[in-house]
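Enquirer:
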Amino acid sequence: MAEFVKTEHDGRVAIVTLDHPPVNALSAQLLEELEEEYDRLDRSDETRAIVLRGEGEKAFVAGADITEFPAMREAIEEAAESGSARGIQKLAARMDAGRTPVVAAIHGYCLGGGLELAMACDIRVAAEHAQLGQPEIKLGLIPGGGGTQRLPRLVGHGRALLLNLTGEPIS
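Residue numbering for the sequence shown follows the working numbering, beginning at 734 and increasing consecutively.
1) Taking the runs of the alpha helix (DSSP H) that are 4 residues or longer, which of them lie wholly in the stretch 824 to 876?
2) Do the stretch 873 to 886 and the stretch 835 to 843 meet, that is, are 3 or more Cβ pairs less than 8 Å apart?
3) Taking the alpha carbon of residue 798 as the reference point, which residue from 824, 830, 763, 777 has its own alpha carbon closest?
4) Please report the residue range of the alpha helix (DSSP H) in which residue 891 lies.
5) Do you know how far the Cα of residue 772 is from the Cα of residue 841?
6) Along the chain, where does the beta strand (DSSP E) that runs through residue 743 open and close?
7) Excluding the 5 residues flanking residue 894 on each side, which residues of the same chain have their C-beta closer than 6 Å to its C-beta?
8) Using a Cβ-Cβ cut-off of 8 Å (strictly less than) and excluding sequence neighbours within five positions of residue 856, which residues of its own chain qualify?
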């Protein structure tokens, strides 16, 4: 049974909730569970749409779980050497190839990997108070899950540069 990903149904719509307190940080386990759940729902003839949301009031997803950064660095290096996708890139590729549309229901913080996950969805709906951003630059990193490719296509080159080079969120 999944620890961080919960699914309920409203008719033929699957509502998938990411529940990793306090801010729904993307851990390797959460991404693995989400990938498995997405694959299961996408194969189901009973599911016509998926709504992806974060549990609680604070965040849709506030980014990667920074406690896992050392392990992530190793995984990224291995993936680069083998030429294989991993993490959000792997999930985004599956979602691109899937048949079931995914809607990101964004509230609170949607930062870094959280924004990259939202960008992988077909539709994004944000609450008025949502804060979206790519703060990786403040950690000496570049966005690795879509911030340099998907973001410019979705918001334009100038806005993408602003988000990626300043690390400041927008609402």
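Where a beta carbon is used, it is the ideal one built from N, C-alpha and C, also for glycine. For clarity, every value in this text was computed on a predicted model and none was experimentally measured.
Expert: Looking at the coordinates:
1) 846 to 853
2) no
3) 763
4) 890 to 899
5) 27 Å
6) 738 to 743
7) none
8) 834, 835, 836, 837
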